[in-house]
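Numbering (the working numbering), first residue to last: 520 to 764.
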């Protein structure tokens, strides 16, 4: 797919799904800025794999000033913005009876409030250009629920409601908003599973394999491209069939 000339911001792009998205978008011709929270070395390693005038930006999604500063740096460099991928997120798992208010609030600050504020700040150039694509990385567990993740699943479900609402608000300006909801994706966590745990996990996935960051990145690329210019307010599930909507 050709994203030549597009300028895109990806939050949380220094590892995992975010890194896969950054690499795919750059390969497709986009100029990408991506954020990291604290591990600059990891972000620089991803940047070294890319060809082109891409950049990294430090952004703490819990801190409004940090988000404001980061977005301002991106807009100063790019001059405009064609797309935003809200990927930054954390987990803080605990059973509800043991979950503290702080455990809930921190996941809210990063996964939902941070995405809201970053989106708000990125909209001005898109409104001016009367075009843009917003992608929000949610999760299959926002639909199915998951024990020990009441905070995380609530924020992912909330992110999808947020996306649908702004899709309705922004459609008259030709700005689209969609979600990509991954299922189980290869990560340090899945690599640490035992063979028996992996077997049980695979039994839940009709396609018989754990997904990859590339699987998710391909869908993000599609939703940022002109190939999807009649799609808005939707959630694209990438889960191998483990959840059928």
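Built from N, CA and C at the ideal position, the CB exists for glycine as well.
- Bounding residues of the alpha helix (DSSP H) (the contiguous stretch that carries residue 683): 669-689
- Task: Taking residue 630 as the reference, give the member of 693, 722, 658 and 652 with the closest Cα.
- Result: 658
- Give me the Cα-Cα distance between residue 688 and residue 527, rounded to the nearest whole angstrom. 21 Å
- Message: My output table needs one value for residue 574: the three-state DSSP class, helix, strand or coil.
- Response: strand
- Task: Return yes when the Cβ of residue 611 is within less than 8 Å of the Cβ of residue 626, no when it is not.
- Result: yes
- Item | As assigned by DSSP and simplified to three states, the class of residue 552 | strand
- Task: Quick one: grab the DSSP three-state call for residue 607.
- Result: coil
- Query: Taking residue 602 as the reference, which of 715, 540, 672 and 754 has the closest Cα?
  - Reply: 540
- Message: In this structure, how does DSSP classify residue 527 when only helix, strand and coil are distinguished?
- Response: strand
- Item | Collapsed DSSP secondary structure at residue 586 in the structure displayed | helix
- Query: DSSP three-state call for residue 476: helix, strand or coil?
  - Reply: The question about residue 476 has no answer, for the chain in this structure spans 520 to 764.
- How big is the Cα-Cα spacing for residue 734 and residue 543? 10 Å
- Assuming residue 757 and residue 730 make a contact with CB atoms under 8 Å, what is their CB distance in whole Å? 6 Å
- Task: Find the nearest neighbour of residue 749 within the set 590, 661, 634 and 690, judged by alpha-carbon distance.
- Result: 690
- Task: Put residue 695 into one of helix, strand or coil per three-state DSSP.
- Result: strand
- Look at the alpha carbon of residue 628 and the alpha carbon of residue 672, and state the distance between them as a whole number of angstroms. 14 Å
- Item | C-beta contact flag for residue 553 and residue 533 at 8 Å | yes
- Item | Element boundaries [beta strand (DSSP E), containing residue 653] | 651-656
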